[in-house]
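Student: All residue numbers for the sequence shown refer to our numbering, where the first residue is 171 and numbers rise by one.
For each residue, glycine too, the CB sits at the ideal point set by N, CA and C.
Quick caveat, the model's predicted, so the values are computed rather than measured.
Please see the structure below; I have some questions.
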Amino acid sequence: MNSMSNPVPDRLLGDRRRVVVEHVRPSVDGGEFPAKATRGLPLRVSARAFADGHDPLLAWVWHWPGAKPLAPDAPPPGMAEVPMEAEPQDMFGAWIKPRRLGAWSFAVVGILDVWGGFARDLTIRFEAGVDVELDLADGAALAAARAELPAISKSDRRALTALAAKLGAPTPPEARVQLATREATMGLMRRTADLSHATIAGPYQLWVEREIAGYSAWYEMFPRSEGAVPPRSGTFKLARRRLPAIAAMGFSVLYLPPIHPIGVTHRKGPNNVTESSPGDPGSPWAIGSSAGGHTAVDPGLGTIDDFDEFVAAAQAIGLEVALDYALQCSPDHPWVAEHPEWFRHRSDGSIRYAENPPKQYQDIYPLDFDSGDAAGLWLALRDVMRFWIGHGVRIFRVDNPHTKAFPFWEWLIAEIRRESPDVVMLAEAFVRPAVMQRLAKIGFSQSYTYFTWRNTVWELSQYLTELSQTEVVDWFRPNFWVNTPDILHATLQQGGPPAFRLRAVLAAITCPSWGMYSGYELSESAAVREGSEEYLDSEKYQLRPRDWSSPASLAPFITRLNEIRNGHRDAIAQMSTLRLHHMTDDSMLCVSRSTPDKEDVIILVVNLDPHHPREASTWLDLGALGLAADRPFEVHDELGGETYTWHGAVNYVRLDPVWLPAHVLQVRQQR
């Protein structure tokens with residue numbers, strides 16, 4: 171067949187991109203949603219890149235502020251370029267550090283490393299005794315052609331011209347081979363590579379949040395219990411006295427359950443009984459009364475001015491106040507009378523109360539996100555968040571977001587981000603993995619997790635691997651809570667203070683963000699009944715003033731944990747560098763945390779048995795720690811204070827939970 175009768179289409183001749191770039195990360199559902207990034211913290215970008223033939227490749231990450239596309243004639247304003255390192259299996263990786271809140275973009279660029287292939291082959295031929303004069307002439311021609319590219323700087327053009335002249339000069343070949351392959355020359359040729367046929371994958375979108383979204387320590391407190399003399403409630407003014415102690419323990423976020431007026435109709439009594447007595451405060455999640463709804467403060471706590479002063483006092487000592495954003499109403503909420511269409515009605519005309527059969531919550535009316543006036547409802551809920559943002563709140567813990575419509579959250583998060591990109595939202599969704607993951611993808615900054623129910627070595631190893639070594643790390647920021655007002659796990663009920671210490675160590679060291687509900691430091695462990703995770707005399711339904719001066723308090727231990735975290739912030743904040751290491755006892759867990767450059771490495775060894783001492787040997791992955799196998803190294807225990815000399819992967823450890831349930835070992839320079 172005459173080839174001219176079937177010419178090659180121009181569109182194919184015009185595409186000279188020989189490099190394939192695929193599996194770019196971070197990416198969420200093929201770019202449907204932006205991946206997560208944190209201002210000031212490194213972000214891992216990786217891709218698989220390969221081409222036909224045997225030439226090596228060059229790859230870069232281009233990243234820039236905003237969601238602007240790549241223009242063919244000019245880079246976006248503020249664009250930075252970071253070289254990617256070649257890794258096994260055709261993978262390339264780099265760490266970038268976005269500098270500005272809000273939308274951010276990146277692309278992966280791949281091209282054949284023509285000079286790298288030339289230098290490799292030149293070295294092989296010269297060392298084999300082959301005449302390389304023609305090769306050096308080819309190199310001179312490459313350098314001269316590179317100098318003619320239009321985008322080359324004047325200084326690089328001069329350097330390329332000089333290189334071409336020297337490679338073609340009649341000097342000994344050994345000197346010219348050394349010139350062609352030295353690092354300065356390789357760097358010159360990398361930065362002046364011809365990108366006219368480069369493969370550019372992207373741009374991919376990121377959403378950059380402030381540091382507290384990616385690294386935080388949360389403390390939950392009911393302000394009505396602080397300074398309370400039942401049945402008289404505590405107030406914001408009294409609760410301010412507690413702030414210095416919380417800040418001194420090293421927490422960065424103070425989370426308050428709903429602070430709004432509480433309904434009277436069907437108010438719950440102590441331990442969730444359906445009948446209340448005069449003086450019972452009711453559940454804060456039964457929001458709304460004649461005193462107001464979601465933009466009002468419960469009169470027992472004080473006024474909105476008192477709240478503002480509380481927020482200012484917390485901020486003055488380094489605490490950010492987070493508010494509960496609970497989208498539900500008591501039967502007495504003003505919206506019930508003003509907007510009955512915002513609620514679901516039964517066939518008899520009554521409004522349906524909340525249920526989780528067989529549990530019934532007669533004091534709560536869920537909102538109907540399929541309401542005929544959904545637009546009015548959505549706007550009202552947006553304005554609730556706006557109201558509290560106007561009173562200095564930039565962090566919200568969102569109650570049960572999985573029971574509200576996904577489209578609502580996508581819309582609300584976009585609305586709030588447009589006005590206040592510094593707002594952080596924590597999703598409280600103990601629900602199926604797919605639903606929990608979807609909430610993270612559509613924009614929740616952090617997520618509660620299954621940590622409470624992961625207690626064995628196998629459970630924790632599987633879960634930590636999922637959260638750190640799979641694509642989940644691109645969009646899911648875990649927050650490990652050791653307890654909540656709803657969750658008192660059997661491990662804490664039965665393990666005594668050692669269990670409280672070991673669970674706190676696990677949460678604080680293995681996760682960038684962790685949280686605890688007040689009373690944890692007092693080892694409160696009484697359940698309402700056997701087999702239940704509910705607290706006896708739950709603070710959800712009654713006032714719980716506490717004696718914080720107890721000599722048995724774990725506050726000093728918790729303070730030390732947060733000090734260790736802050737001393738190793740860049741290592742603990744980086745979830746993707748977490749690695750599991752083997753222990754010879756199945757009740758002991760070993761985890762390492764490190765910065766990307768391995769300049770800071772810590773090793774956590776925990777005895778998960780709160781009742782018995784355990785001893786075992788480590789089997790460390792020394793490569794993951796940046797350690798050589800043939801040299802001893804020191805590890806300093808930042809919990810216990812001792813320093814040990816370890817040798818290789820196998821090292822002996824013994825931990826007695828009564829005294830110390832864990833080692834947090836800082837790896838010091840090898841001897």
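Take Val-554 as the anchor and find which of Asn-441, Thr-351 and Glu-585 has the nearest alpha-carbon.
Tutor: For the purposes of this step, residue 554 is taken as residue 384 along the sequence shown, with counting starting at 1. The residue with the shortest Cα to Cα distance from Val-554 is Glu-585.
Student: Buried or exposed, going by whether 16 or more other CB atoms sit within 10 Å of the CB of Pro-247?
Tutor: On the sequence shown, residue 247 is found 77 positions in, with the first residue counted as 1. Result: exposed.
Student: Provide the residue span of the alpha helix (DSSP H) that contains Val-506, from first to last.
Tutor: Looking up residue 506 in the sequence shown gives position 336. That run of the alpha helix (DSSP H) goes 504–508.
Student: Thinking just about the alpha-carbon of each residue, which of Leu-795, Ala-794, Val-284 and Gln-839 is nearest to the one in Thr-815?
Tutor: Within the sequence shown, residue 815 is the residue found at index 645, counting from 1. It is Gln-839 whose Cα lies nearest to the Cα of Thr-815.
Student: Please classify Asp-644: does DSSP put it in a helix, a strand, or coil?
Tutor: For the purposes of this step, residue 644 is taken as residue 474 along the sequence shown, with counting starting at 1. Here Asp-644 sits in helix by DSSP.
Student: In this structure, does DSSP put His-572 in helix, strand or coil?
Tutor: Within the sequence shown, numbered from 1, the residue matching residue 572 stands at position 402. Residue state, collapsed to three classes: helix.
Student: Determine whether the beta carbon atoms of Met-745 and Leu-596 lie at a separation below 8 Å.
Tutor: The sequence position of residue 745 within the sequence shown is 575, counting from 1. The sequence position of residue 596 within the sequence shown is 426, counting from 1. No, these two residues do not count as a Cβ contact at 8 Å.
Student: Report all residues from its chain with a CB closer than 8 Å to the CB of Asp-222; omit the five preceding and five following residues, and keep chain order.
Tutor: In the sequence shown, residue 222 corresponds to position 52, counting from 1. The answer, listed in chain order, is Arg-188.
Student: Hey, could you find the ends of the beta strand (DSSP E) Ile-679 is sitting in?
Tutor: Indexing the sequence shown from 1 puts residue 679 at position 509. Careful: Ile-679 lies outside any beta strand (DSSP E), inside the alpha helix (DSSP H) at 660–680.
Student: Report yes or no: do the segment 676–692 and the segment 363–380 share at least 3 C-beta pairs separated by less than 8 Å?
Tutor: No: the two stretches stay apart, fewer than three of their Cβ pairs being nearer than 8 Å.
Student: What distance in whole Å lies between the Cβ atoms of Ile-429 and Asp-468, which are believed to be in contact at a cut-off of 8 Å?
Tutor: As a first step, residue 468 is located in the sequence shown; it is residue number 298 there, counting from the start. As a first step, residue 429 is located in the sequence shown; it is residue number 259 there, counting from the start. 6 Å between Cβ atoms; contact.
Student: Trp-684 bridges to which residues according to DSSP?
Tutor: Position 514 of the sequence shown holds residue 684. Answer is Ala-387 and Phe-650, bridged to Trp-684.
Student: Run through DSSP, which three-state label would Pro-247 get?
Tutor: Within the sequence shown, the letter at position 77 stands for residue 247. Of the three classes helix, strand and coil, the one that applies to Pro-247 here is coil, per DSSP.
Student: Three or more beta-carbon pairs under 8 Å between the segment 441–452 and the segment 538–550, yes or no?
Tutor: Judged by Cβ distances under 8 Å, the segment 441–452 makes no contact with the segment 538–550, as fewer than three pairs qualify.
Student: In this structure, how does DSSP classify Tyr-690 when only helix, strand and coil are distinguished?
Tutor: In the sequence shown, residue 690 corresponds to position 520, counting from 1. Tyr-690: helix per DSSP, three-state reduction.
Student: What are the start and end residues of each continuous beta strand (DSSP E) run of 3 or more residues lying completely inside the segment 232–297, in chain order?
Tutor: Listed in chain order, they are 250–253, 255–257, 261–266 and 272–282.
Student: Does DSSP classify Pro-469 as helix, strand or coil?
Tutor: The residue labelled residue 469 in the question sits at position 299 within the sequence shown. Correct three-state label for Pro-469: coil.
Student: Beta-carbon separation of Val-279 and Ala-229 under 8 Å?
Tutor: The count along the sequence shown starts at 1 and reaches residue 279 at position 109. The count along the sequence shown starts at 1 and reaches residue 229 at position 59. In contact: Val-279 and Ala-229 (Cβ atoms closer than 8 Å).
Student: Going by DSSP, what residues sit across from Trp-377 in a beta bridge?
Tutor: Along the sequence shown, read from residue 1 onward, the residue named residue 377 stands at position 207. In DSSP, Trp-377 forms a bridge with Lys-206 and Ala-273.
Student: For Ser-615 and Leu-790, what's the separation of their Cα atoms in angstroms?
Tutor: As a first step, residue 615 must be located in the sequence shown, where it is residue number 445. As a first step, residue 790 must be located in the sequence shown, where it is residue number 620. Ser-615 and Leu-790: Cα-Cα distance of roughly 33 Å.
Student: Does the beta-carbon of Leu-835 have 16 or more other beta-carbons within 10 angstroms, so that it is buried, or is it exposed?
Tutor: Taking the sequence shown and counting its residues from 1, the one referred to as residue 835 is at position 665. Classification for Leu-835: buried.
Student: Count the other CB atoms, across all protein chains shown, that sit within 10 Å of the CB of Asn-526; report buried if there are 16 or more and exposed otherwise.
Tutor: Position 356 of the sequence shown, counted from the start, is the residue given in the question as residue 526. Its Cβ having fewer than 16 others within 10 Å, Asn-526 is exposed.
Student: How would you label Pro-235, buried or exposed, when you count the other beta carbons within 10 angstroms and need 16 or more for buried?
Tutor: Within the sequence shown, residue 235 is the residue found at index 65, counting from 1. The residue in question, Pro-235, is buried, as its Cβ has 16 or more Cβ neighbours within 10 Å.
Student: Using DSSP's beta-bridge definition, name the partner residues of Ala-134.
Tutor: A question about residue 134 goes unanswered here, because the residues of the chain that appear run from 171 up to 841.
Student: Determine the DSSP secondary structure at Ser-723, reduced to helix, strand or coil.
Tutor: By one-based count along the sequence shown, residue 723 stands at place 553. The answer is coil: DSSP assigns Ser-723 none of H, G, I, E or B.
Student: Helix, strand or coil: how does DSSP classify Lys-324 here?
Tutor: To locate residue 324, count along the sequence shown from 1; it is residue 154. Looking at Lys-324 - three-state DSSP - the assignment turns out to be helix.
Student: If we ignore side chains and look at the alpha-carbon of each, how far apart do Glu-733 and Asp-826 end up?
Tutor: For the purposes of this step, residue 733 is taken as residue 563 along the sequence shown, with counting starting at 1. For the purposes of this step, residue 826 is taken as residue 656 along the sequence shown, with counting starting at 1. Computed Cα separation, rounded: 22 Å.
Student: Is there contact here, the segment 454–463 with the segment 353–365, by at least three beta-carbon pairs under 8 Å?
Tutor: No, the segment 454–463 does not touch the segment 353–365.
Student: Excluding the 5 residues preceding and the 5 following Arg-739 in the sequence, name in chain order all residues of the same chain whose CB lies nearer than 8 Å to its CB.
Tutor: Sequence index remark: in the sequence shown, residue 739 carries index 569 (1-based). Once the five neighbours on either side are set aside, the close Cβ partners of Arg-739 are Tyr-385.
Student: Let me know the secondary structure DSSP gives Arg-838 once reduced to three states.
Tutor: Residue mapping note: residue 838 aligns to position 668 of the sequence shown, counting from 1. Of the three classes helix, strand and coil, the one that applies to Arg-838 here is coil, per DSSP.
Student: Candidates Gly-210, Lys-529, Ser-216 and Asp-326: which alpha carbon is nearest Glu-379's?
Tutor: Looking up residue 379 in the sequence shown gives position 209. Of the candidates Gly-210, Lys-529, Ser-216 and Asp-326, the one whose C-alpha sits nearest the C-alpha of Glu-379 is Gly-210.
Student: Note down the Cα distance separating Asn-821 from Thr-765, rounded to an integer number of angstroms.
Tutor: Counting from 1 along the sequence shown, the entry for residue 821 is found at position 651. Counting from 1 along the sequence shown, the entry for residue 765 is found at position 595. The straight-line gap from Cα to Cα measures roughly 23 Å.
Student: Check the C-beta distance from Ala-604 over to Pro-571 and give it rounded, since I have them as a contact under 8 Å.
Tutor: Translated into positions along the sequence shown, residue 604 becomes position 434. Translated into positions along the sequence shown, residue 571 becomes position 401. So it is not a contact: roughly 14 Å between Cβ atoms.
Student: Strictly by DSSP, which residues pair up with Trp-789?
Tutor: Residue 789 sits at position 619 when you count from the first residue of the sequence shown. BP columns for Trp-789 point to His-752 and Val-820.
Student: Which partner residues does Lys-529 have in the DSSP bridge list?
Tutor: Residue mapping note: residue 529 aligns to position 359 of the sequence shown, counting from 1. Beta-bridge pairing links Lys-529 to Asn-526.
Student: With a CB to CB cut of under 6 Å and the five nearest residues on each side skipped, what residues in its chain are close to His-752?
Tutor: Mapped onto the sequence shown, residue 752 falls at position 582. Contacts found: Trp-789.
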